[in-house]
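Here's the structure, in structure tokens; my notes come after.
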Amino acid sequence: MIEQIYFSEIIKEFLAENFPEFLSSLDFKGDGSFDCDLRNQADTFSIWLATYNSEITIGLEDPDGKTDIHTHLSCDDMEDLPETLDRLAKMINEIREDKLVLYKDESGYHWTDEPMVWKHLKLGDRYTIFQRCNLCFSFK
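Per this note's numbering, residue 84 is the first one in the sequence shown, and the count goes up by one each step.
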């Protein structure tokens with residue numbers, strides 16, 4: 084496991100180089116971890132990031148302030164870091180570019196970019212739409 088303070092510094096540098104708009108909300112904690120967020124233009128949702136336990140957590144905060152919609156990107160060793168940062172960048176970009184679909188079914192929340200799932204959502208299959216990024220969480 085990468086030491087927490089060092090891990091957070093690496094992620095901060097990555098954000099500074101690739102997503103500097105997150106930097107103004109950086110909130111460092113006593114253990115060296117941090118969290119930050121980026122609100123959409125309508126100020127209704129935000130993408131949030133955290134570096135607790137030497138892993139990256141990325142999620143959405145809904146208009147009611149709920150943050151249970153998230154996923155963990157683990158990075159056990161330094162050699163895992165490039166792949167983890169690529170995954171983080173891909174998720175941030177897909178949310179911001181309105182390509183990531185978030186839906187809820189009877190088993191909970193799910194992230195997907197699969198067109199077949201989106202087709203099922205549009206057709207009103209057994210899934211219900213919780214959020215479609217370009218409708219509710221658009222940065223445009």
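Virtual Cβ for every residue (Gly too), placed ideally from N, Cα, C. Note that the coordinates shown come from a computational prediction; the quantities given were computed from them, not determined experimentally.
Of all the alpha helix (DSSP H) runs that stay within the bounds of the region 87-112, which reach a length of 4 or more residues?
Restricted to the region 87-112, the alpha helix (DSSP H) segments that are unbroken, complete and at least 4 residues in length are 87-101, listed in chain order.
Close beta carbons around H155, own chain, < 8 angstroms, minus the five adjacent residues each side
Translated into the one-based positions of the sequence shown, residue 155 becomes position 72. The residues are E138, I139, T140.
Using the Cα positions of D160 and L132, report the straight-line distance between them to the nearest angstrom.
Taking the first residue of the sequence shown as 1, we reach residue 160 at position 77. Taking the first residue of the sequence shown as 1, we reach residue 132 at position 49. If you take the alpha carbons of D160 and L132, they lie about 20 angstroms apart.
Would you kindly check if the distance between the Cβ of E177 and the Cβ of L168 is under 7 angstroms?
For the purposes of this step, residue 168 is taken as the residue at position 85 of the sequence shown. For the purposes of this step, residue 177 is taken as the residue at position 94 of the sequence shown. No, the pair does not count as a contact, with Cβ atoms beyond the cut-off.
According to DSSP, which residues form a beta bridge with S129?
Start at 1 with the first residue of the sequence shown, and residue 129 comes out as number 46. Paired residues: R122, E144.
DSSP-derived helix/strand/coil call for I85
In the sequence shown, counting from the first residue as 1, residue 85 sits at position 2. Coil at I85, not helix or strand.
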